[in-house]
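A.B. asks: Structure incoming, see below.
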Amino acid sequence: GTRPLDPPVPAGTADLTLRRGAARVLIRNWAGASTVPSRTLYPHQWSWDSAFVAIGLRHLSPRRAQRELETLLGAQWEDGRVPHIVFNPAVPLGAYFPSPDFWRSSQAGAAAGAPAAPETSGIVQPPVHALAAWLVHEADPAESVRRGFLARLYPRLAAWHRYLTTARDLGGAGLAAVVHPWEPGMDNSPCWDGPLSRITPADPASFRRADLDHGDADDRPTDVDYGRYVRLAADYRDRGYADSDHAFAVEDPCVNALLIVSEHALARIAAETGADPLVHERRAGQLTDALVGRLWDADAGLFLCRDLVGGGLVRERSVAGLVPLIVPGLPEDIVRTLLGTLDGPHFRAADTGLVASYALSGRAFDRTRYWRGPAWFNTAWLIGRGLRLHGADDRAERLRTAFLAAAGTSGFAEYVDPVTGEGRGTRDFAWTAALTLDLLA
Ligand code: 9WN
Numbered sequence: 004g005t006r007p008l009d010p011p012v013p014a015g016t017a018d019l020t021l022r023r024g025a026a027r028v029l030i031r032n033w034a035g036a037s038t039v040p041s042r043t044l045y046p047h048q049w050s051w052d053s054a055f056v057a058i059g060l061r062h063l064s065p066r067r068a069q070r071e072l073e074t075l076l077g078a079q080w081e082d083g084r085v086p087h088i089v090f091n092p093a094v095p096l097g098a099y100f101p102s103p104d105f106w107r108s109s110q111a112g113a114a115a116g117a118p119a120a121p122e123t124s125g126i127v128q129p130p131v132h133a134l135a136a137w138l139v140h141e142a143d144p145a146e147s148v149r150r151g152f153l154a155r156l157y158p159r160l161a162a163w164h165r166y167l168t169t170a171r172d173l174g175g176a177g178l179a180a181v182v183h184p185w186e187p188g189m190d191n192s193p194c195w196d197g198p199l200s201r202i203t204p205a206d207p208a209s210f211r212r213a214d215l216d217h218g219d220a221d222d223r224p225t226d227v228d229y230g231r232y233v234r235l236a237a238d239y240r241d242r243g244y245a246d247s248d249h250a251f252a253v254e255d256p257c258v259n260a261l262l263i264v265s266e267h268a269l270a271r272i273a274a275e276t277g278a279d280p281l282v283h284e285r286r287a288g289q290l291t292d293a294l295v296g297r298l299w300d301a302d303a304g305l306f307l308c309r310d311l312v313g314g315g316l317v318r319e320r321s322v323a324g325l326v327p328l329i330v331p332g333l334p335e336d337i338v339r340t341l342l343g344t345l346d347g348p349h350f351r352a353a354d355t356g357l358v359a360s361y362a363l364s365g366r367a368f369d370r371t372r373y374w375r376g377p378a379w380f381n382t383a384w385l386i387g388r389g390l391r392l393h394g395a396d397d398r399a400e401r402l403r404t405a406f407l408a409a410a411g412t413s414g415f416a417e418y419v420d421p422v423t424g425e426g427r428g429t430r431d432f433a434w435t436a437a438l439t440l441d442l443l444a
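Residue 352 in full-length UniProt numbering sits at position 349 of the sequence shown, and the numbers go up by one each step.
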């Protein structure tokens with residue numbers, strides 16, 4: 004209890020400190036036209052990071068949030084793909100691997116319409132961008148209209164979704180496939196262990212990891228995994244980034260759920276800019292049916308990944324299988340089952356606070372290693388949105404409280420131990436700070 008002589012603590016002081024800290028991270032990580040995920044570990048622009056960053060930046064500066072997305076989409080390829088990294092030419096080559104001289108986008112990607120500049124990677128990340136663009140617009144519609152923000156972005160976002168639903172419809176059922184473990188943004192998820200086991204790792208002497216200069220080796224993917232990432236990326240590059248003959252191709256529920264939510268956002272953007280919203284609503288509906296038809300697994304209690312090369316569903320419980328909670332119009336029994344899985348023995352979200360990236364009960368669970376257990380802030384934010392969408396406000400509030408506490412005590416960590424909440428990975432991580440600002444708004 005409070006003693007009478009304790010100075011009164013004004014309401015909201017903790018929030019104010021947290022908000023200031025988060026704003027400071029975004030200001031420090033701003034690189035002039037976009038935000039770096041981390042000043043040390045990730046010194047370029049990353050695709051889905053920028054979408055999450057824009058969602059937070061809009062509370063500080065809607066103008067800067069627009070710029071963030073414009074810079075990313077300015078590096079779009081003519082075939083519609085939005086690269087997962089846009090390289091800053093001022094950063095030394097050795098600061099991050101793979102660097103521009105590995106991807107060689109302006110040359111190797113010429114047939115796919117890579118820009119002459121800037122240099123980019125040739126793979127993609129989850130399509131959170133139309134959702135982010137809509138949320139940025141909503142933060143200051145007058146400024147957005149004045150700058151023609153949505154009108155300029157709409158054709159680019161539409162081309163991006165077209166790429167994903169045509170060139171990347173490798174399974175033929177309408178869902179977008181990912182062709183590299185970096186694409187779904189969950190690099191070393193145990194879901195990729197099976198599909199990756201068929202890939203011969205590149206010779207370790209042929210490349211040098213830069214991530215270990217800044218990150219703890221126990222928190223990062225292993226060398227064998229890296230060898231396989233390099234092999235897949237080099238093969239894709241050597242095929243001119245053509246979407247055929249992929250040795251790794253997976254339909255991921257998180258990627259497709261984000262595509263659906265972004266397709267709904269694109270419908271709103273279309274309506275706002277005088278284009279036809281119905282094509283987007285229709286596609287969102289078709290994608291939702293395909294997601295449920297192809298990736299839902301009632302026995303597992305969540306959505307699973309589908310391995311298009313080996314065939315069949317990947318029987319691993321990953322947070323990616325819970326993210327479809329953000330999809331509007333899911334069948335009610337699926338929503339009920341997902342809520343049960345979230346708080347049940349595999350994820351125990353009610354006890355742990357944030358949501359583990361991989362089931363605590365899973366065979367490959369590892370509390371410290373990246374996407375094999377640690378809890379991440381972007382997935383918590385997405386699941387929180389899903390909980391609100393389905394009226395589970397108490398759980399959403401619980402998750403929000405846990406998110407803000409973990410973000411503050413960990414110094415805006417990249418991820419946290421899912422059991423103790425202890426910070427892991429890099430600090431002053433941009434999307435952790437950005438989504439903190441969003442939850443405080
Ligand atoms: C590879 C930037 C990115 C995130 C990913 C996260 C990590 C890169 C890496 O960092 O991936 O793209 O070097 O491990 O897994 O989700 O976008 O923050």
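Positions of the beta carbon are idealized from the N, C-alpha and C atoms, including for glycine. If you're wondering where the values come from, they're calculated on a predicted model, not measured in any experiment.
Compute every distance between the C-beta of Leu44 and the non-hydrogen atoms of the ligand 9WN, then say whether any falls below 8 Å.
C.D. replies: In this structure, the C-beta of Leu44 approaches the ligand 9WN to less than 8 Å from one of its heavy atoms.
A.B. asks: For my contact list, Ala170 and Asp246 are in at a C-beta cut-off of 8 Å; report their separation, rounded to the angstrom.
C.D. replies: For a cut-off of 8 Å, the C-beta gap from Ala170 to Asp246 is around 4 Å, short enough to register as a contact.
A.B. asks: Could you tell me the boundaries of the alpha helix (DSSP H) in which Cys257 lies?
C.D. replies: 256-275
A.B. asks: Three Cβ pairs or more, each shorter than 8 Å: is that satisfied between the stretch 248-263 and the stretch 175-188?
C.D. replies: In short, these stretches touch, since the Cβ pair count reaches three.
A.B. asks: Does Glu284 come within less than 9 Å of chain C when only Cβ atoms are used?
C.D. replies: Note that chain C does not occur in the displayed structure, where there is just one protein chain.
A.B. asks: Please classify Ser413: does DSSP put it in a helix, a strand, or coil?
C.D. replies: coil
A.B. asks: Once you ignore the five residues that flank Ala176 on each side, which residues in its own chain have a CB closer than 7 Å to its CB?
C.D. replies: Ala293, Arg297
A.B. asks: Considering just the uninterrupted stretch of the beta strand (DSSP E) at Asp310, what are its terminal residues?
C.D. replies: Counting along the chain, the beta strand (DSSP E) containing Asp310 begins and ends at 308-310.
A.B. asks: Could you check how far apart the C-beta atoms of Ala205 and Ala135 are, in whole angstroms? I think they sit under 8 Å.
C.D. replies: At roughly 34 Å, the Cβ-Cβ gap does not stay under 8 Å, so Ala205 and Ala135 are not in contact.
A.B. asks: Measure the C-alpha to C-alpha separation of Trp299 and Val94 and round it to an integer number of angstroms.
C.D. replies: 43 Å
A.B. asks: Let's see if you can read the secondary structure: which residues bound the alpha helix (DSSP H) around Arg22?
C.D. replies: 16-32
A.B. asks: Please name the residue in Trp379, Ala378, Leu402 whose C-alpha comes closest to that of Gly389.
C.D. replies: Leu402
A.B. asks: What runs of the alpha helix (DSSP H), each 4 residues or longer, lie entirely inside the stretch 312-376?
C.D. replies: 335-346, 352-355
A.B. asks: Run through DSSP, which three-state label would Arg234 get?
C.D. replies: helix
A.B. asks: Mind the definition here: the stretch 372-381 touches the stretch 402-421 only if three or more C-beta pairs lie below 8 Å; say whether that holds.
C.D. replies: Counting Cβ pairs under 8 Å, three or more are found: they touch.
A.B. asks: Relative to the C-alpha of Ala405, which candidate in Val39, Ala362, Ala352 has its C-alpha closest?
C.D. replies: Ala352
A.B. asks: In chain order, what residues of the same chain have a beta carbon less than 8 Å from the beta carbon of Asp279, not counting five sequence neighbours either side?
C.D. replies: Ala273
A.B. asks: How far does the alpha helix (DSSP H) with Phe105 in it extend, from its first residue to its last?
C.D. replies: 103-106
A.B. asks: May I ask which residues mark the beginning and end of the alpha helix (DSSP H) holding Val56?
C.D. replies: 50-60
A.B. asks: Under 9 Å, do residue 454 and Arg212 count as touching if we go by C-beta distance?
C.D. replies: Since the first residue of the chain shown is 4 and the last is 444, residue 454 is not available in this structure.
A.B. asks: Please determine whether the Cβ atom of Glu254 lies at a distance below 8 Å from any heavy atom of the ligand 9WN.
C.D. replies: Not under cutoff, so the answer is no.
A.B. asks: Below 8 Å, how does it come out for the stretch 70-87 and the stretch 106-126: are there three or more Cβ pairs, yes or no?
C.D. replies: yes
A.B. asks: Taking the CB atoms as reference points, tell me whether Gly97 and Arg240 lie closer together than 9 Å.
C.D. replies: No, they are not a contact pair.
A.B. asks: Whose C-beta lies closer than 8 Å to the C-beta of Arg6 among residues of the same chain, with five residues either side of it excluded?
C.D. replies: At Arg6, the pLDDT of 49 sits below 50, so the modelled position is not reliable; the number obtained from the coordinates is stated separately. Within the same chain, Arg6 has no close Cβ partners at all.
A.B. asks: For Ser265, count the other beta carbons within 10 Å of its own beta carbon; 16 or more makes it buried, fewer makes it exposed. Which is it?
C.D. replies: buried
A.B. asks: Between which residues of its own chain and Gln289 is the CB-CB distance below 8 Å, once the five residues before and five after are set aside?
C.D. replies: Gly177
A.B. asks: Using a Cβ-based criterion (distance less than 8 Å to any ligand heavy atom), does Gly188 qualify as near the ligand 9WN?
C.D. replies: Answer for Gly188: yes, Cβ within range of the ligand 9WN.
A.B. asks: Give me whichever residues DSSP pairs with Gly426 in a beta bridge.
C.D. replies: Val419, per the DSSP bridge assignment.
A.B. asks: Spell out the partners DSSP gives Tyr45 in its beta bridges.
C.D. replies: Ser41
A.B. asks: If I follow the unbroken alpha helix (DSSP H) through Leu290, where does it start and stop?
C.D. replies: 281-298
A.B. asks: Is the beta carbon of Ala270 less than 9 Å from the beta carbon of His249?
C.D. replies: no
A.B. asks: Nearest CA to the CA of Gly35: which residue from Ser360, Arg66, Trp195?
C.D. replies: Looking at the Cα atoms, Arg66 is the closest of the given residues.
A.B. asks: Give me, in chain order, the residues of the same chain whose beta-carbon lies closer than 7 Å to that of Phe432; leave out the 5 immediate sequence neighbours on both sides.
C.D. replies: Pro40, Ser41, Phe415, Ala416, Glu417
A.B. asks: Output yes or no for whether 9 Å exceeds the beta carbon distance between Ala323 and Met189.
C.D. replies: yes
A.B. asks: Determine the burial state of Asp310: buried for a count of at least 16 other Cβ atoms within 10 Å of its Cβ, exposed for fewer.
C.D. replies: Looking at its Cβ environment, which holds 16 or more other Cβ atoms inside 10 Å, Asp310 is buried.
A.B. asks: When you compare the CB positions of Val85 and His132, do they come within less than 9 Å of one another, or not?
C.D. replies: yes
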